[in-house]
Amino acid sequence: MSMSAAERERIRGLFAAYRATGDLAVRDELVAANLRLALHLARRYAHRGVSQDDLEQVASLGLLNAIDRFDPDRGLEFSSFATPTIVGELKRHFRDKGWAIRVPRRVQELHVRLGTLVGELTHQLGRSPTIEELAIAARASMEDVLEAMEAAQAYRSHSIDAPGRGSDEREQAPLGMDDLELSAAENRLLVDDLLGQLKPRDQLLIRLRFYEEMTQHEIAARLGISQMHVSRLLAKCLDDLRRRTDTTAS
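Residue numbers 7 to 256, in this note's numbering, belong to the letters of the sequence shown in order.
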């Protein structure tokens, strides 16, 4: 779903015009230019008991919401911004129907481990552990920990994990994240979008710690500050990132 540089420039101009004037005709042009993205995401949720027309309408609604909220001055590509919004609308549509979105086994197992680790670390530290402390204890990345935390919200009391008697097993199959949730690339778009909302210093800290996998001591040496200061800054920006993740998920 790539587009030429000229087309991207045209889209940026349309967003600037729409943000300045609120002209609905301009918004219609933006919808037409980006509809392919919405339809592509809708197809990821096909064959799960909801008509394709309904899915496309829900995805189109998510596209409209993304267009209304998008700020072109932030320098983010619209597709990066719109994908989490559209997928959120699709997932909400299934949840509103009482269906649960099932998560991968590795995330389920991490969620269970985190439940144990939270209690252990709280007892050891005398306070609730930070995301970083949980990630270190679980030998997982920050992204995996955040994903496991968010996955806990996907469980519902009414599940369609077991197919109904006499029903088509494919239509009654659980909504497995392996083939329906965001792809790894789309998850990265969401994380990059959230990181883009942090201060430049905090973005650097996160990238050094979790992307380049530097130790706090190495980060302190790189930035010319104490390791204690690095630890405090990381805890603060990780909590900020967690709050932004919770806001996005809701």
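The C-beta atom is built at its ideal place from N, Cα and C for all residues, glycine as well.
Note that the C-beta distance between Glu35 and Leu47 is not below 9 Å. With a minimum length of 4 residues, the unbroken runs of alpha helix (DSSP H) contained wholly in the stretch 41-96 fall at 58-75. DSSP, reduced to helix, strand and coil, places Ala39 within a helical segment of the structure shown.
By alpha-carbon distance to Gly55, the top candidate from Asn71, Ile137, His99 and Arg80 is His99.
Inter-residue distance for Gly121 and Arg75 is about 35 Å (C-alpha atoms, whole angstroms). Counting other Cβ atoms within 10 Å of its Cβ, Lys242 stays below 16 and is therefore classed as exposed. For Arg207, the enclosing alpha helix (DSSP H) begins and ends at Pro206 to Ile212. Distances from the alpha-carbon of Arg207 to those of Met234, Thr221, Leu239 and His223 put Leu239 closest.
Excluding residues up to 5 positions away in sequence, Leu127 lie with their Cβ nearer than 7 Å to the Cβ of Glu139 in the same chain. Arg215 is not a Cβ neighbour of Ile231, given a cutoff of 9 Å. Note that the C-beta distance between Arg50 and Leu96 is below 9 Å. With distances taken between CA atoms, Leu45 lies nearest to Val64 out of Gly132, Gly28, Val64 and Ala31. Here Arg18 carries a helix assignment [DSSP, helix/strand/coil].
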